[in-house]
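J.:
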Amino acid sequence: MDISIVGLGPTGCFLALALARRGHRITVVERDRGPVAGRWTRRGVVQFHQPHGIRTQVVDALRAELPDMLEVVRSAGGQVLPAPGSEDVRLGIRRSVYESVFWDAVRADARIEVLPTTARDASYAADGRVTLVTDHGVVTSDLVLNATGRARFLDDRRAPGLDADPGIAYASRQYQVAERGLAAFADGQAVSGTLPGYSVMLFRQDSDVVSTLFVHESADDEFAVIRLPSAYDAVTAAVPALASLMRPESVRPISPVHVGRRMRNVYRGRLTEADEDVTPGVVHVGDAQFSPSPMNGRGMATSLLQARHLIDLVEAGHDVLTMARMFDEWCRAEMLPWFHVQVADDVSLVRQWHGLDLEVDGRLPPSVIAKAHADDEHYRETINHYLDMRLPPSVLIPMEPATRAKLASGWRPPFADGPSRAELLRTARAALT
Ligand SMILES: Cc1cc2nc3c(=O)[nH]c(=O)nc-3n(C[C@H](O)[C@H](O)[C@H](O)COP(=O)(O)OP(=O)(O)OC[C@H]3O[C@@H](n4cnc5c(N)ncnc54)[C@H](O)[C@@H]3O)c2cc1C
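Residue numbering for the sequence shown follows full-length UniProt numbering, beginning at 1 and increasing consecutively.
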């Protein structure tokens, strides 16, 4: 097939390489010109500098379609790490390094033509060909894949879908770990803790780089103080789970504090409310179809799960209109449930920060159910498979009554040790005087 792919993020890169290797003729349209003088700002991809926890599903996808790329990722410093409490693995790599490696591979592949321009529109003709309109002319193909993430390509034609604001914001920073400090990070465990009013995380990345992350309410403007490096260092030292690892003699900051706002949890199916297919010949894939808010680090996993399913449909030889419908139905069955659990988890996280009731619309959020029974022999295996995204969210429903009983007895998801929001922000302000 002649396939045009719009967007060279993780989804577009994976699809371009995998489909080219399967013998399809690939044209890629990407508006970003890549790094300039060694700097890559990646305009429009707000998460580019934010830490990513990359799940087993991404490693599985590479093993299945592009096994050599896993080696290239490793030689760029990426690490396949054990996942805490699971048989799965995680890929430890900065997003910027991951993307650089895949951009180089796409550009080096003689079977892929890359057009550095912006796609504006796509139309399907009676002969079954799709015309893609770009700023530098038109491209015709049998199929267009929209892998533009949350960008607004074809926005005016698509149904609005489901869109929830999780009400959270990020502040993160990258550090180089000195050789003498490496032993402390050797067990590969990521840090993740919820405290009264905020959460913290630590991510192992490539090349002995780690990233720390503070997550707080996006409406909480007082948190802006931690964007200042000295305040960020002070709050890092104030949270025991971070302070024990991030010792000044072991780590050196190598980035500014990166702020992430406008997180959204978005699911957009292909049909309008009137059941019309208004983008025939175009399949929306990756974040363009389902873009979960980042708190559970599911975005790249759901994107590559979609990409793999799409490759199967392309290879099965369906006509393009049928394939698009089948893909949409699969997304509704397999992806949409993750949208709903993410909405509930995001709402309940903010409630937990404030010590409020944890129910969302009369249901208990999956994160609460999973925490309530994490040590329960009877449920543990199911919960771990759910957390690894090997089982769907529905497997937790039978555990709701037991969780309610636990909550009624006074149990709450425990807070990690450390300062409350007010104490943390006092520490941040004190560091500036
Ligand atoms: C703050 C934050 C933290 C995250 N953390 C994690 C995490 O820990 N783990 C995880 O798995 N996921 C995480 N995610 C999600 C993950 O980043 C996304 O799932 C992933 O980027 C989706 O890739 P994509 O290729 O579909 O889209 P994108 O990465 O958005 O790529 C889209 C591409 O399309 C190009 N483009 C856009 N419009 C056009 C156009 N009209 N013409 C040509 N090119 C165009 C863009 O330049 C870009 O290259 C996070 C997201 C956010 C916002």
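Glycine included, every Cβ here is placed at the ideal spot set by N, Cα and C.
Bear in mind that the values here come from a model prediction, so they are computed numbers and not experimental data.
1. Is the beta carbon of VAL45 within less than 7 Å of some heavy atom of ligand 1?
2. Looking only at DSSP bridge pairs, what is LEU132 linked to?
3. Thinking C-beta only, is VAL46 closer than 8 Å to ARG262?
4. Hey, ASP142 and MET1 are a contact pair by Cβ (cut 8 Å); roughly how many whole angstroms apart?
5. Going by C-alpha to C-alpha distance, which of ASP357, LEU387, ASP388, ASP163 sits closest to PRO292?
6. Flag this pair as touching only if the region 163-176 and the region 20-40 have three or more C-beta atom pairs under 8 Å; answer yes or no.
7. Kindly indicate which residue of GLU276, ASP277, ASP287 has the alpha-carbon position closest to the one of TYR267.
8. Would you say THR427 touches ligand 1, meaning its beta carbon is less than 7 Å from a heavy atom?
9. So what's ALA159 in DSSP terms, helix, strand or just coil?
10. I want to know whether the region 419-427 touches the region 193-206 - three or more CB-CB distances under 8 Å.
11. Answer with buried or exposed for VAL6, where buried requires no fewer than 16 other C-beta atoms within 10 angstroms of its C-beta.
12. State the beta-bridge partners of SER217 as determined by DSSP.
13. With hydrogens ignored, establish whether the beta-carbon of THR212 is closer than 7 Å to any heavy atom of ligand 1.
14. So, using beta-carbon positions, are VAL278 and GLN306 closer together than 8 Å?
15. Which residue's Cα is closest to the Cα of THR11: TRP103, MET389, ARG39, LEU81?
16. Compute the beta-carbon to beta-carbon distance between ALA18 and GLU65, rounded to the nearest angstrom, for a pair I have assumed lies under 8 Å.
17. What does ILE54 pair with, by DSSP beta-bridge criteria?
18. Tell me, which residues are paired with GLN174 by DSSP?
19. For the structure I just gave you, are there three or more beta carbon pairs, one from the region 74-87 and one from the region 313-323, closer than 8 Å?
20. Does the Cβ-Cβ distance between LEU364 and LEU356 come in under 8 Å?
21. Is the number of C-beta pairs between the region 388-408 and the region 327-341 that are closer than 8 Å three or more?
22. Quick one: what's ASN146 bridged to in DSSP?
23. Report yes if the C-beta distance between VAL251 and GLY149 is below 8 Å; otherwise report no.
24. Consider the Cβ of GLY181: report whether some Cβ of chain C lies at a distance smaller than 8 Å.
25. How would you label LEU432, buried or exposed, when you count the other beta carbons within 10 angstroms and need 16 or more for buried?
26. One question on the structure: do VAL58 and MET300 come within less than 8 Å of each other, judged by their Cβ atoms?
27. Mind checking which residues open and close the beta strand (DSSP E) that includes ASN265?
28. Tell me which same chain residues have a C-beta within less than 8 Å of the C-beta of ASP346, skipping the five on either side of it?
29. Please confirm whether ALA243 and ALA234 have their CB atoms less than 8 Å apart.
30. Identify the residues that DSSP records as bridge partners of SER303: which are they?
31. If you draw a straight line from the alpha carbon of ARG63 to that of VAL282, how long is it in whole angstroms?
32. By the 10 Å Cβ neighbour count, where 16 or more other Cβ atoms means buried, how is HIS136 classified, buried or exposed?
33. Would you check whether ligand 1 has a heavy atom nearer than 7 Å to the C-beta of LEU8?
34. Keeping to the same chain, check which residues put their C-beta closer than 7 Å to that of HIS385; ignore five residues upstream and five downstream.
35. Nearer than 7 Å: is that true of the beta carbon of MET389 relative to any heavy atom of ligand 1?
36. Count the other C-beta atoms from every protein chain shown that fall within 10 angstroms of the C-beta of ILE112, then say buried if there are 16 or more, exposed otherwise.
T.: On the basis of the supplied data:
1. yes
2. ALA122, VAL139
3. yes
4. 5 Å
5. ASP163
6. no
7. ASP287
8. no
9. coil
10. Under the Cβ criterion (8 Å, minimum of three pairs), the region 419-427 counts as touching the region 193-206.
11. buried
12. One point to set straight first is that residue 217 is Glu, not Ser, in the sequence displayed. The partner list for GLU217 (beta bridge, DSSP) reads ILE168.
13. For ligand 1, not one heavy atom lies less than 7 Å from the Cβ of THR212.
14. no
15. The option with the nearest alpha carbon to THR11 is TRP103.
16. Between GLU65 and ALA18 the Cβ distance is about 4 Å, and since that is below 8 Å, they are a contact.
17. LEU91
18. SER211
19. no
20. no
21. In the pairwise beta carbon analysis, the region 388-408 is classified as touching the region 327-341: at least three pairs are separated by under 8 Å.
22. According to DSSP, ASN146 bridges with VAL6, HIS284.
23. no
24. Absent here is chain C; the protein component of the structure consists of one chain.
25. exposed
26. yes
27. Its beta strand (DSSP E) spans residues 265-267.
28. ALA164, PRO166, GLY167, ILE168, ASN265, SER293, MET295
29. no
30. The partner list for SER303 (beta bridge, DSSP) is empty, contrary to what the question assumes.
31. 27 Å
32. It is exposed - the Cβ of HIS136 has fewer than 16 other Cβ atoms within 10 Å.
33. yes
34. LEU391
35. no
36. buried
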